[in-house]
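Under this note's numbering, think of the first position of the sequence shown as 1, with each following residue one higher. The structure appears right after this line, and notes come after that.
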Amino acid sequence: MALQSRILTLMTLSFHIIYATIGVGVPLMIMIAQWVGIRKNDEHYILLARRWARGFVITVAVGVVTGTAIGLQLSLLWPNFMQMAGNVIALPLFMEVFAFFFEAIFLGIYLYTWDRFEDQRKHFLLLVPVALGAAASSVFITIVNSFMNAPQGFDVLNGELVNVSPLLAMFSPAVPTKVAHVLSTAFMTSAFVLASIAAFRLLRGSNHIYHKKALFLTMKLALIFSVATAIIGDFSGKYLAEYQPEKLAAAEWHFETGSEAELVLFGVLEGEEPKYAIRIPYALSILAHGVPSGEVIGLNDFPEDEIPPLWIHYLFDTMVTLGMWLAFFSFVYVIGAWRGWSIVTRKWFRWLTVLSGPLAMLAIQAGWWFTEVGRQPWILRGYMKTSEGATTSGQVDLMIVMFAGLYVILGIGTVVVLSRMYKRNPVEKELAQRESVKGGEE
Numbered sequence: 001m002a003l004q005s006r007i008l009t010l011m012t013l014s015f016h017i018i019y020a021t022i023g024v025g026v027p028l029m030i031m032i033a034q035w036v037g038i039r040k041n042d043e044h045y046i047l048l049a050r051r052w053a054r055g056f057v058i059t060v061a062v063g064v065v066t067g068t069a070i071g072l073q074l075s076l077l078w079p080n081f082m083q084m085a086g087n088v089i090a091l092p093l094f095m096e097v098f099a100f101f102f103e104a105i106f107l108g109i110y111l112y113t114w115d116r117f118e119d120q121r122k123h124f125l126l127l128v129p130v131a132l133g134a135a136a137s138s139v140f141i142t143i144v145n146s147f148m149n150a151p152q153g154f155d156v157l158n159g160e161l162v163n164v165s166p167l168l169a170m171f172s173p174a175v176p177t178k179v180a181h182v183l184s185t186a187f188m189t190s191a192f193v194l195a196s197i198a199a200f201r202l203l204r205g206s207n208h209i210y211h212k213k214a215l216f217l218t219m220k221l222a223l224i225f226s227v228a229t230a231i232i233g234d235f236s237g238k239y240l241a242e243y244q245p246e247k248l249a250a251a252e253w254h255f256e257t258g259s260e261a262e263l264v265l266f267g268v269l270e271g272e273e274p275k276y277a278i279r280i281p282y283a284l285s286i287l288a289h290g291v292p293s294g295e296v297i298g299l300n301d302f303p304e305d306e307i308p309p310l311w312i313h314y315l316f317d318t319m320v321t322l323g324m325w326l327a328f329f330s331f332v333y334v335i336g337a338w339r340g341w342s343i344v345t346r347k348w349f350r351w352l353t354v355l356s357g358p359l360a361m362l363a364i365q366a367g368w369w370f371t372e373v374g375r376q377p378w379i380l381r382g383y384m385k386t387s388e389g390a391t392t393s394g395q396v397d398l399m400i401v402m403f404a405g406l407y408v409i410l411g412i413g414t415v416v417v418l419s420r421m422y423k424r425n426p427v428e429k430e431l432a433q434r435e436s437v438k439g440g441e442e
């Protein structure tokens, strides 16, 4: 039943990561928009924060459902893993729940106190715990994943983990790069998603300055976090070379240990020889060790039954290629907008901007697939294989169908609710209402 358990887990994680990414990244976008509005005394940015916050609540609600499903499936699909490692990962899982409730409490207060503060800066302060809680939630759940990739902080006695040091287990060597990469990609992807929405509204004929400001702000943020993601990605490559060399070797179809290793992009593998691939000399050694002469361990140095599936090469290439394209595209847009290039306002360029949101989300998916599939055959690297951790129940097939139906309903429901909510309250209508309220007060 290991295959069925993996399929259901993959389906759940792939769906949940959409909402989790938005849940981590959008609070910071709301916070920045409101801060800019306060600093510039600009009603458009204040309304940006307000409208983004409304949509954010919907994604949080769905994210709670999918997050609960993940917790349920950990116990139902991977009982042997939970029996072995449950006492280790219980602390970060509990802290993740605590961080979520911390975020949710202040989010509720923030939403229900709009226009109740004469000083907008006091209302803005309510966003600080919301953004911190969202980030902390992702940090703690990423710590669990880091432990699965680089377990430490315990002794093994008769197949059980004993003498557990909770802090040592939580802060494994994988934590710094994984946490930083998760946060930066969440901020980057959220910025691109919001930029896509603004560009789409401009393409649909709404030439309001509100959408232009939203597009410029989010593309600037997308550029900043794209660059941050690329830098952190470089550190992630060095982590893999040190602690999970088999994953890096599989990602690059690198079979023979050697220095001056080249980076292989795409192509087709024939035996141990990549064909039709893009080859970048010395790049793999530089990624792994920072110098062209760095020695990279090859797949032939590992037992055959411990080598990850070689198709993760395409996941790695997809993630990297999309990340580089998005960084380049956002750079062109920001420079073009600053210098007044007409290219950034052309229809085809705005359609590319609309596409940037889905592409960023696709890069996130490829990255998480690479992380999880690249750890195979282990569920707890070096201690328990995936086949050993899975349930033996014969009901997993039925669960796949039931959860697939649930995710379809949730996905369609999210789109319908968000679409209706914003269609019934267009920007122009809300701005007019706010102006009339201010005029009445005066």
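Built from N, CA and C at the ideal position, the CB exists for glycine as well.
Original post:
Under a Cβ-count criterion, where at least 16 other Cβ atoms within 10 Å of its own Cβ denotes burial, should residue 395 be classed as buried or exposed?
Top reply: exposed
Original post:
Going by the CB atoms, is the gap between residue 84 and residue 421 shorter than 8 Å?
Top reply: Not closer than 8 Å, so no.
**OP:** Give the single residue among 23, 352, 117, 17 whose Cα lies nearest to the Cα of residue 103.
**Re:** 23
Original post:
Leaving out five residues before and five after residue 293 in sequence, what residues of the same chain have Cβ atoms less than 8 Å from its Cβ?
Top reply: Hits under 8 Å: 259, 260, 285.
**OP:** Find the nearest neighbour of residue 139 within the set 171, 166, 4, judged by alpha-carbon distance.
**Re:** 171
Subject >> Local Cβ density within 10 Å of residue 463, reported as buried at 16 or more and exposed below that >> reply: No answer is possible for residue 463: the residues shown for the chain start at 1 and end at 442.
Original post:
For residue 268, which residues from the same chain have a beta carbon less than 8 Å from its beta carbon, with the 5 sequence-adjacent residues on both sides left out?
Top reply: Answer for residue 268: 274, 275, 276, 277, listed in chain order.
**OP:** Could you pull out every residue in the same chain whose Cβ sits closer than 7 Å to the Cβ of residue 297, ignoring the five residues on either side in sequence?
**Re:** 245, 249, 257
Subject >> Alpha-carbon to alpha-carbon, residue 190 and residue 21 >> reply: 7 Å
Original post:
Residues in its own chain within less than 8 Å of residue 370 by CB, not counting five upstream and five downstream?
Top reply: 251, 312, 315, 316, 319
**OP:** Answer yes if the stretch 199-218 comes into contact with the stretch 144-151, meaning at least three C-beta pairs across the two stretches below 8 Å, and no otherwise.
**Re:** no
Subject >> residue 294 CB to nearest heavy atom of the ligand PLP below 7 Å >> reply: Summarising the ligand content, the structure contains no ligands, and the ligand PLP is consequently not present.
Original post:
Would residue 375 be called buried (16 or more neighbouring beta carbons within 10 Å of its own) or exposed?
Top reply: buried
Subject >> Beta-carbon proximity list for residue 87, same chain, < 8 Å, skipping 5 on both sides >> reply: 161, 164
Subject >> Residue range of the alpha helix (DSSP H) that includes residue 307 >> reply: From DSSP, residue 307 is part of no alpha helix (DSSP H); its letter is neither H nor E.
Original post:
Under the three-state reduction of DSSP, which class applies to residue 118: helix, strand or coil?
Top reply: coil
Original post:
Which value, in whole angstroms, describes the spacing of the CA atoms of residue 442 and residue 9?
Top reply: With a pLDDT of only 46 at residue 442, under 50, the local geometry of the prediction cannot be trusted, and the value read off the model is given with reservation. If you take the alpha carbons of residue 442 and residue 9, they lie about 57 Å apart.
Original post:
From the DSSP output, which residues share a beta bridge with residue 412?
Top reply: When DSSP reads this structure, residue 412 sits in no beta bridge, so it has no partner.
Subject >> Classification of residue 381 by the beta-carbon crowding that lies within 10 angstroms, buried from 16 upward >> reply: Buried is the call here.
Original post:
Closest to residue 407 by CA distance: which of 356, 64, 28, 255 is it?
Top reply: 64
Original post:
What are the boundary residues of the beta strand (DSSP E) that includes residue 273?
Top reply: 273-275
Original post:
From 110, 177, 169, 209, pick the residue whose C-alpha is nearest to that of residue 231; which is it?
Top reply: 177
**OP:** Express the C-alpha separation of residue 229 and residue 243 in angstroms, rounding to a whole number.
**Re:** A straight line joining the alpha-carbon of residue 243 with that of residue 229 spans about 20 Å.
**OP:** In angstroms with no decimal places, state the Cα-to-Cα distance between residue 233 and residue 425.
**Re:** 40 Å
**OP:** Quick one: grab the DSSP three-state call for residue 155.
**Re:** strand
**OP:** Kindly list the residues whose CB is nearer than 7 Å to the CB of residue 130, restricted to its own chain and excluding five residues on each side of it in sequence; keep chain order.
**Re:** 27, 103, 106, 107, 110
Original post:
How is residue 270 classed by DSSP in three states: helix, strand or coil?
Top reply: Looking at residue 270 - three-state DSSP - the assignment turns out to be strand.
Original post:
How close, in whole Å, do the beta carbons of residue 195 and residue 219 come, if the pair is a contact with beta carbons under 8 Å?
Top reply: 5 Å
**OP:** Return the chain-ordered ranges of every beta strand (DSSP E) run that is complete within the stretch 160-223 and spans a minimum of 3 residues.
**Re:** Correct list: 160-162.
**OP:** Measure the alpha-carbon distance for residue 290 versus residue 235 and round it to whole angstroms.
**Re:** 10 Å
**OP:** Check whether the stretch 410-418 touches the stretch 39-59, taking contact to mean three or more Cβ pairs, one atom from each stretch, closer than 8 Å.
**Re:** yes
Original post:
Thinking C-alpha only, which one of 136, 240, 337 is nearest residue 213?
Top reply: 337
Subject >> Selection from 427, 51, 126, 411 that minimises the alpha carbon distance to residue 62 >> reply: The shortest C-alpha separation from residue 62 is found at 411.
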